[in-house]
Amino acid sequence: MPKTIRLTTAQALIKFLNQQYIAFDGKEEAFVEGIFHIFGHGIVLGLGEALEEDPGHLTTYAGKNEQGMALAAIAYAKQKKRRKIFAVSASSGPGSANMLTAAATAYANNIPVLLLPADTWATRQPDPVLQQVENPLSTAISTNDAFKPLSRYWDRIERPEQLMSAMIKAFEALTSWENAGPVTICLPQDVEGMAYDYPVDFFEKKVHYLDRRPATGRELDVAVELIKSAKKSAVIVGGGAKYSEAGEAIKAFAEQFDVPLVMTHAGQSTLLSDEKYNMGGVGVLGTSSANQAVMNADLIIGIGTRYNDFVTASKSLFDFEHTQFININVSRVQTYKFAGHSIVADAKEAVTALSERLTGYRSSWGGILQEWKQEWELERERLAGIHYTGQDFEPEIAGHFTSEHLDDYSKTLRTHLTQTEVFLALNEALDDDAVIVTSAGSLPGEFQRLWKSKSLNSNHLEYGYSTMGYEIAGAFGAKLAEPDREVYAFVGDGSFLMLHTEIVTALQYSKKTNVLLFDNAGYGCINNLQMEHGEASNGTEWLDHQGKIMNIDYAKVAEGYGLKTYHIHSLEELREAVEDAKGQDKSTLFDIKVLPKTMSGDAVGSWWNVGISEVSSLPAVQKMSDQKLEERKSARQNY
684 MPKTIRLTTA
694 QALIKFLNQQ
704 YIAFDGKEEA
714 FVEGIFHIFG
724 HGIVLGLGEA
734 LEEDPGHLTT
744 YAGKNEQGMA
754 LAAIAYAKQK
764 KRRKIFAVSA
774 SSGPGSANML
784 TAAATAYANN
794 IPVLLLPADT
804 WATRQPDPVL
814 QQVENPLSTA
824 ISTNDAFKPL
834 SRYWDRIERP
844 EQLMSAMIKA
854 FEALTSWENA
864 GPVTICLPQD
874 VEGMAYDYPV
884 DFFEKKVHYL
894 DRRPATGREL
904 DVAVELIKSA
914 KKSAVIVGGG
924 AKYSEAGEAI
934 KAFAEQFDVP
944 LVMTHAGQST
954 LLSDEKYNMG
964 GVGVLGTSSA
974 NQAVMNADLI
984 IGIGTRYNDF
994 VTASKSLFDF
1004 EHTQFININV
1014 SRVQTYKFAG
1024 HSIVADAKEA
1034 VTALSERLTG
1044 YRSSWGGILQ
1054 EWKQEWELER
1064 ERLAGIHYTG
1074 QDFEPEIAGH
1084 FTSEHLDDYS
1094 KTLRTHLTQT
1104 EVFLALNEAL
1114 DDDAVIVTSA
1124 GSLPGEFQRL
1134 WKSKSLNSNH
1144 LEYGYSTMGY
1154 EIAGAFGAKL
1164 AEPDREVYAF
1174 VGDGSFLMLH
1184 TEIVTALQYS
1194 KKTNVLLFDN
1204 AGYGCINNLQ
1214 MEHGEASNGT
1224 EWLDHQGKIM
1234 NIDYAKVAEG
1244 YGLKTYHIHS
1254 LEELREAVED
1264 AKGQDKSTLF
1274 DIKVLPKTMS
1284 GDAVGSWWNV
1294 GISEVSSLPA
1304 VQKMSDQKLE
1314 ERKSARQNY
């Protein structure tokens, strides 16, 4: 008879999580770091009891918002390059439903996270229980069925013995190079406490190997021919290159063959910004140097990118008639984009193998790459020098925003600061090895255009889903992953108002994070989108019932939580605060008042195909609609 141990389902789950390990490049470590939880109905008496009795090596953190703690778990895994994770548990009903946005964020970004939502009773005897939705289609449907399209693997444990097969499949997905993403294991509240005689070998140490997949000879042979026949190749560096730690191999490739490198948001800080061939961020929010390189290339080598519309400028950056594609990715699906030559392989392995075979090749870019890079450096310096004095000031993106309107903001917020000058001043003031986290609004654009990465894996940009509210929770997760580095959340006031409660969790567990809050009194990014397309400002500014601009004291809010806070109205105050914050041992918040319409403007090639009303009674909207339709006709687009 096989040896068994009698445990509840929840106890068996915790014991199993403690025995999961990951091995990459010869290094082996525990895969599951811990569990985030908000103990509520349906989870506290089952999983909660198991964690109290014997958590093993798992560290537990009590979150303040289910979405927030799940986003923190995602950020942790992202900063750890997908090689360590947190599990996240929540109470049944609304508590679990709060994790749906996070599940979508993890899915879009291919980030592993184990979601453990509590569920209704498997026996159905007390149905309907507290916080249960009753679906007339089937009693078996619960809130947690909503996670199905947002999970790489989904299961519901309706009998204790089902846990075994479910967890094996769950960890196959969580440790997959190709299909990494969120896994949802629903835990009916009665089953959590049910006991079963589990075989002891279910709890033996399990090592999941992340082996680097090499490219095949056929894949490499075709790629070599394509590269040698091209005159001007360009490389798009995506998040997959960072997770592969392929930066040095890509840098050597660029230097050996005179090939420009352009960065997606996820690819940022795979290489340092000052590397000779790093042309900066690409796409809608990209630099002119990066976009010109892509627009003039006759071969695009995409490494670990899924080519979203912000990377491709809605596919308008590429000359499909004359440009070919090589796509290197661990996901076969992604390698098929633009009918490119498919290399299903680890980025580092593939680039190294290509370099060894490309003897004698050299592109014909000549000195134009460095000219483009220098031109963008001059533009960056110009933006750093734009100051508002109240007179003769032209914002970068004015729309229908009058100088009178801008002056009202200046007086109400008591600031002359522009967003770009603050942003660039921070790039100089923060430590070179600081980790910066951002996600939504205009700030990801500033990072893509203006930020210089001075250390590796320092730019933590969630722009696969652009989740508002990710920033502060993400900074907490990044700090858990990087306890010896300063971590800064760059967040707009709109995102702050959506979700900021994990700053309390960071305080509670003494995990210092720094919140740099850019307050322009509204959803500035979307306000730009409205006004650039002929609409009036509508619903995107913080105006009170009398139409006056609201001046919210965010520092006072954070001070009430217990953070060290700073009111920032000048660059001098900003620099002094940064230095003071470096010496603090608890979390900080900078309430930085900036003027709207002072973010950096679009560079060459920054076209975005957005929906717009084709018929409107508003002349300005109709004019922009006609213009957009003409742009679509002339845009270089493809499948």
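The working numbering puts the first residue of the sequence shown at 684, with every later residue one more than the last. The beta-carbon is built from N, C-alpha and C at its ideal position, and this holds for glycine as well.
Item: Check for me: the beta strand (DSSP E) holding Val1170 runs from which residue to which?; Value: 1170 to 1175
Item: Quick check on the burial criterion: 16 or more other C-beta atoms within 10 angstroms. Buried or exposed for Glu1111?; Value: exposed
Item: Can you tell me the Cβ-Cβ gap for Asn1140 and Lys925, rounded? I've got them flagged as a contact below 8 Å.; Value: 7 Å
Item: Among Arg689, Thr692, Ala753, Lys686, which has the Cα closest to the Cα of Gly717?; Value: Ala753
Item: Would you list the one or two residues that DSSP bridges to Ile1026?; Value: Ile1011
Item: Checking 8 Å against the spacing of the C-beta atoms, do Ala1156 and Glu1185 come in under that value?; Value: yes
Item: Give me the residue from Lys915, Met877, Ile1026 with the minimum Cα distance to Asp981.; Value: Lys915
Item: Determine, using beta carbons only, whether Ala996 and Ser1308 come nearer to each other than 8 Å.; Value: no
Item: For the alpha helix (DSSP H) holding Arg901, just list the boundary residues, first then last.; Value: 900 to 912
Item: So what's Lys1137 in DSSP terms, helix, strand or just coil?; Value: coil
Item: What number of angstroms, rounded off, separates the C-alpha of Tyr1244 from the C-alpha of Asp1274?; Value: 14 Å
Item: Assign Trp860 to one of three DSSP states: helix, strand, or coil.; Value: coil
Item: Give me the DSSP bridge partner(s) of Val1302.; Value: The sequence shown places Pro at residue 1302, rather than the Val named in the question. None, per the DSSP bridge assignment.
Item: Are the CB atoms of Asp957 and Gln872 within a distance shorter than 8 Å?; Value: no
Item: Output the residue ranges of the beta strand (DSSP E) runs that lie fully inside the stretch 1195 to 1229 and measure 3 residues or longer, sorted by chain position.; Value: 1197 to 1202
Item: Would you decide whether His1183 is buried or exposed? Buried here means 16 or more other CB atoms lie within 10 Å of its CB.; Value: buried
Item: Using C-beta distances below 6 Å, list every residue in its chain close to Ala1036, excluding the 5 sequence neighbours before and after it, in chain order.; Value: Ala898, Leu903
Item: Keeping to the same chain, check which residues put their C-beta closer than 8 Å to that of Leu1041; ignore five residues upstream and five downstream.; Value: Val907, Ile910, Lys911, Gln939, Phe940
Item: Compare the Cα-Cα distances from Pro865 to each of Phe854, Val874, Leu1061 and report the closest residue.; Value: Phe854
Item: Does the stretch 1042 to 1062 come close enough to the stretch 876 to 894 to have 3 or more Cβ pairs within less than 8 Å?; Value: no
Item: Near Ala805, which residues of its chain fall below 7 Å by C-beta distance, leaving aside the five closest residues on each side in sequence?; Value: Glu841, Pro871, Asp873, Val874
Item: Helix, strand or coil: how does DSSP classify Ala1081 here?; Value: Legend: pLDDT at Ala1081 = 46, less than 50; position of this residue unreliable, value from coordinates given subsequently. Ala1081: coil per DSSP, three-state reduction.
Item: From the DSSP output, in three-state form, read off Ile868 for me.; Value: strand
Item: Buried or exposed: Glu1145, going by 16 or more other Cβ atoms within 10 Å of its Cβ?; Value: buried
Item: According to DSSP, Pro832 sits in a beta bridge with which residue or residues?; Value: Answer is none; Pro832 lacks a bridge partner.
Item: Quick one, are the C-beta atoms of Thr822 and Thr1150 less than 8 Å apart?; Value: no
Item: If we count the other Cβ atoms within 10 Å of its Cβ and call it buried at 16 or more, is Glu711 buried or exposed?; Value: exposed
Item: Leaving out five residues before and five after Ala733 in sequence, what residues of the same chain have Cβ atoms less than 6 Å from its Cβ?; Value: Ala693, Gln694, Ile697
Item: How many angstroms separate the CA atom of Lys1231 from the CA atom of Leu1126?; Value: 25 Å
Item: Spatial neighbours of Ala1260 within its chain, please: C-beta separation below 7 Å, excluding the five flanking residues on both sides.; Value: Tyr1249, Ile1251, Phe1273
Item: What three-state label does DSSP hand Glu928 in the structure shown?; Value: coil
Item: Looking at the secondary structure, which residues open and close the alpha helix (DSSP H) in which Ala1123 lies?; Value: Counting along the chain, Ala1123 falls outside any alpha helix (DSSP H), and DSSP gives it neither H nor E.
Item: Compute the Euclidean distance between the alpha carbons of Asp1115 and Lys1194, then round it to the nearest angstrom.; Value: 20 Å
Item: Thinking just about the alpha-carbon of each residue, which of Leu820, Asn827, Thr742 is nearest to the one in Ser774?; Value: Asn827
Item: Which residues mark the beginning and the end of the beta strand (DSSP E) in which Met962 is found?; Value: 961 to 964
Item: Taking the straight line between their C-alpha atoms, what separation do you get for Asp1285 and Gln762?; Value: 29 Å
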